[in-house]
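For the record, the sequence lines run as chains A and B. Residue numbers for the first sequence follow the working numbering, beginning at 14 and rising by one. Residue numbers for the second sequence follow the working numbering, beginning at 826 and rising by one.
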Amino acid sequence: MPTSTPERELDLESPIGGPPLVHGTLPRWAPQFTLVTAIAAGFALFAVGTAVGLAAIAAVLLYGLAIYSWSRPIEGARKAKDRVVTAIVASTFLLALLPLVSVILTVVSRGVARIDPAFFTFSMQGVVSEGGGAYHAIMGTLIVTGLAALISVPIGMLTAIYLVEYGKGKLARAITFFVDVMTGIPSIVAGLFAFALFALILGPGVRLGIMGAIALSVLMIPVVVRSTEEMLKLVPNDLREAAYALAVPKWRIIVKVVLPTALAGIATGVTLAVARIIGETAPLLITLGATSGTNFNPFDGRMATLPVFSYYEYVNPGVPPEPSLQRAWTAALVLIIIVMVLNLVARLISRLFAPKTRS
Amino acid sequence: MAKRIEVKDLDIYYDKFLAVQNVSLTIEPRSVTAFIGPSGCGKSTFLRSLNRMHELVPHARVEGTVVMDDQDLYGPNVDPVSVRRQVGMVFQRPNPFPTMSIHENVAAGLRLNNARISKGDLDELVERSLRAANLWNEVKDRLNKPGSGLSGGQQQRLCIARAIAVQPDVLLMDEPCSALDPISTQAIEDLINDLKADYTIVIVTHNMQQAARVSDTTGFFNLQGVGQPGQLVEIDDTTKIFSTPANQATEDYISGRFG
Ligand SMILES: Nc1ncnc2c1ncn2[C@@H]1O[C@H](COP(=O)(O)OP(=O)(O)O)[C@@H](O)[C@H]1O
Ligand SMILES: [Mg+2]
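Okay, here's the thing in structure tokens:
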């Protein structure tokens, strides 16, 4: 019986004994050309009165369609799909970038006017319309956030160490569950918790810096636990065993081998957790209230913070409203700058502390 | 320094799974004892039971006795940390501490335990350990560079230097050369030969030529079947094991008929 399987026949047909290795390719300028054309078409649609969002969507669809139908007959199905997926990935990236860019542009353009020495040196004490600054709010934000970090970092890190290095069984599972639940707590609830807690202790209506710090800790602790946990899990078990074999007790291994190895990641995680809570408004509104004067003592009286300051300047502007609105935008801008600096610090820390290989 | 180890009726468990059954043997001081056998027969498990590293695995336990100089390592009130102070270990994959320099790695056993020692003494100890590990000449100009920047073979010798810096009596080595190239392997084997003047060395190896080259005594571990516990089939002088083993299974294994 002659063996003529389908593969055989295919082999015979193709001259080199297999599928051809060479395919046609589009010219190198093909994507750029299609993109420019698609954008031009989008503009044309916009010009005849289509809404800008709709025109943009049309341009993206047009690009995908055009590049696919151009590539398909020349380059084959796989390459054509590749081009379409590239287009999808790039456009979703731009989509994600859009709100960020828009927020930054708005805040910078409206807030830059009051980036002046007065803004960073004066409080709002006795200011009715023009002038004044956010010195009190900047200090308040730094103090309250710093306190929150001071509370959350030890608790969060110790919890993570327990979970990774010691915890087994029911207790560890329960803690993990509650940390997960805490991650989902709305920030206003955290504020109400701190408010209720202090109402029980000091009576209703108190407002203190420490209350805000505790409310923020409720939000920060689960983030610190999670990020520290992940970093500790990344420390290779080999290193723990190496230390065990050198007759080092477990707690020393954790303190001197595991933590230093994971330090870069933990520090980054903590910084990002701080960046995450520093802009919280709702819990601080409840727990700190607002004030126009500078207060350095978190255990005595109300404190101003940047988010709350920005909020009140915006909803309760003076007469005329412009100076207040401007202060609100500048406060937002300062907050964004602080968060950016924190992110940079996080990167710097992870670069500095990262285990070195060569050099 | 250098101690005799007597193992009697040792059963080693991972939770309910009996991994190694009924091992009895004596390891002589100032000698090299090699363990060979097919993969999964419990060589590493047995080795790790000699410095109580085995129990670091959750629910892992041991029955029987391991006596070192008249003291049962598994006796009541024995602190595993002090056992490990006397029985050091080198692992299959080199594992220098990535956050530490070469110098700090060698000194790790002391530094991590906050030992009080002057800088001069410490430097001397580091040099002595690195010389003993045949690494001094290669790293003496970069002691403050990270240990993870060395080659695999150098890293493994660094780990040996780190292990002998705490001056143990016994040195356990679990396939110390299996991740290394032939030249580094040669260096480590030479090193083992030098070290046996001062230490009791127990080495697990996959490589029978290596066992024949470096060891005085060789033990052969084997499995009866899948899911069965590993057993020590025979242990004898290395020359005897590789020429006229008493057991058929040993002969089959060393002549390459299985494993
Ligand atoms: N951590 C562990 N938990 C459970 N079983 C293990 C563990 N380590 C090894 N084992 C089992 O113990 C047996 C012996 O393994 P091992 O000592 O690593 O063998 P070898 O080193 O001879 O290759 C194997 O069946 C292995 O699956
Ligand atoms: Mg092994």
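From the three backbone atoms N, C-alpha and C, an ideal C-beta is built for every residue, glycine too. These numbers were taken from a predicted model, which means no experiment stands behind them.
Find the residues of chain A that neighbour residue i, judging by a C-beta separation of less than 9 Å, and give them in chain order.
i         : result
Met-914/B : Glu-254, Ala-255, Tyr-257, Ala-258 and Leu-259
Arg-982/B : Chain A residues near Arg-982/B: none, gap ~14 Å exceeds 9 Å.
Phe-860/B : Chain A residues near Phe-860/B: none, gap ~18 Å exceeds 9 Å.
Arg-909/B : Tyr-257, Ala-258, Leu-259, Ala-260 and Val-261
Run down chain A in chain order and give the residues with a C-beta less than 8 Å from the C-beta of residue i.
i          : result
Gly-934/B  : Leu-259, Ala-260 and Val-261
Asn-1072/B : Per Cβ cutoff of 8 Å: no residues; Asn-1072/B is ~32 Å from chain A at best.
Asn-920/B  : Pro-249, Asp-251, Leu-252, Glu-254 and Ala-255
Is residue i close to ligand 1? I mean its beta-carbon at under 7 Å from any heavy atom of the ligand.
i          : result
Tyr-839/B  : yes
Arg-47/A   : Checking the displayed sequence, the identity of residue 47/A turns out to be Thr instead of Arg. Not so, every heavy atom of ligand 1 lies at least 7 Å from the Cβ.
Lys-868/B  : yes
Ala-212/A  : no
Ala-288/A  : no
Gly-862/B  : yes
Phe-842/B  : yes
Gly-865/B  : yes
Gly-1092/B : Absent from the model: residue 1092/B. The displayed extent of chain B is 826 to 1084, so no value can be given.
Val-882/B  : yes
Taking just the CA atoms, how far does residue j sit from residue i?
i          : j          : result
Tyr-839/B  : Glu-254/A  : 17 Å
Ile-151/A  : Lys-94/A   : 52 Å
Val-354/A  : Leu-171/A  : 27 Å
Ala-286/A  : Phe-211/A  : 25 Å
Gln-1073/B : Glu-929/B  : 49 Å
Arg-873/B  : Ala-1004/B : 19 Å
Phe-132/A  : Ala-228/A  : 28 Å
Lys-5/A    : Glu-178/A  : No information on residue 5/A is available, as it lies outside the stretch 14 to 372 that chain A covers here.
Gly-278/A  : Glu-243/A  : 9 Å
Met-195/A  : Ala-344/A  : 29 Å
Pro-19/A   : Ala-1071/B : Low confidence applies here, because Pro-19/A scores a pLDDT of 49, under 50, leaving its location unreliable; read the following figure in that light. Distance between the alpha carbons of Pro-19/A and Ala-1071/B: 59 Å.
Gly-934/B  : Thr-105/A  : 52 Å
Ser-907/B  : Thr-858/B  : 23 Å
Val-995/B  : Gln-911/B  : 6 Å
Tyr-1078/B : Leu-1048/B : 12 Å
Phe-191/A  : Tyr-899/B  : 39 Å
Asn-902/B  : Asp-836/B  : 20 Å
Phe-871/B  : Asn-969/B  : 36 Å
Lys-833/B  : Thr-189/A  : 43 Å
Ala-280/A  : Ile-362/A  : 7 Å
Phe-916/B  : Ser-869/B  : 10 Å
Glu-880/B  : Arg-886/B  : 6 Å
If you measure from the CB of residue i, is any heavy atom of ligand 2 nearer than 7 Å?
i          : result
Ser-943/B  : no
Val-891/B  : no
Asp-999/B  : yes
Val-1029/B : yes
Give the range of the alpha helix (DSSP H) segment to which residue i is assigned.
i          : result
Lys-828/B  : Here Lys-828/B belongs to no alpha helix (DSSP H), and DSSP marks it neither H nor E.
Leu-285/A  : 272 to 290
Val-248/A  : It is not in any alpha helix (DSSP H) - Val-248/A carries neither H nor E in the DSSP assignment.
Asn-1018/B : 1007 to 1020
Thr-343/A  : 335 to 366
Thr-1025/B : Premise fails: Thr-1025/B lies in the beta strand (DSSP E), 1025 to 1029, not in any alpha helix (DSSP H).
Lys-965/B  : Premise fails: Lys-965/B is in no alpha helix (DSSP H) and is neither H nor E.
Cys-1085/B : Any property of residue 1085/B remains undetermined from this structure, which presents chain B solely from 826 to 1084.
Span of the beta strand (DSSP E) holding residue i?
i          : result
Glu-1059/B : 1055 to 1062
Thr-300/A  : Taken as a continuous stretch (DSSP letters only), Thr-300/A belongs to no beta strand (DSSP E), being part of the alpha helix (DSSP H) at 295 to 300.
Ser-849/B  : 842 to 852
Ala-885/B  : 885 to 893
Thr-1075/B : Run containing Thr-1075/B: none in the beta strand (DSSP E); it sits in the alpha helix (DSSP H), 1073 to 1079.
Asp-999/B  : 995 to 999
Phe-916/B  : That residue, Phe-916/B, is in no beta strand (DSSP E); it is neither H nor E in DSSP.
Gly-1044/B : 1042 to 1048
Thr-858/B  : 857 to 861
At 7 Å on the CB atoms, spell out the chain A contacts of residue i, in chain order.
i         : result
Val-906/B : Ala-260 and Pro-262
Mind listing which residues of the region 967 to 991 of chain B have their C-beta closer than 8 Å to chain A's C-betas, in chain order?
Lys-970, Pro-971, Ser-973, Gly-974, Cys-984, Arg-987, Ala-988 and Val-991
Listed from N- to C-terminal order along the chain, which residues in the region 266 to 282 of chain A have their beta-carbon within a distance smaller than 7 Å of any beta-carbon of chain B?
Lys-269, Val-270, Pro-273 and Thr-274
When Cβ atoms are compared, which residues of the region 176 to 196 of chain A fall closer than 9 Å to chain B?
Lys-181
Output needed in chain order: residues of the region 291 to 302 of chain A with a Cβ under 7 Å from some Cβ in chain B.
none
Using Cβ-Cβ distances below 8 Å, what residues of the region 311 to 333 of chain A are close to chain B?
none
Which residues, in order along the region 874 to 903 of chain B, keep a beta-carbon less than 8 Å from a beta-carbon of chain A?
Asn-876, Met-878, Leu-881 and Pro-883
Could you please tell me which residues of the region 923 to 947 of chain B, in chain order, have their CB closer than 7 Å to any CB of chain A?
Pro-923, Thr-924, Ala-933, Gly-934, Leu-937 and Asn-938
Using a Cβ-Cβ cut-off of less than 9 Å, give me the residues of the region 1033 to 1057 of chain B that come near chain A, in sequence order.
none
Listed in chain order, which residues of the region 113 to 136 of chain A have Cβ atoms closer than 8 Å to some Cβ of chain B?
none
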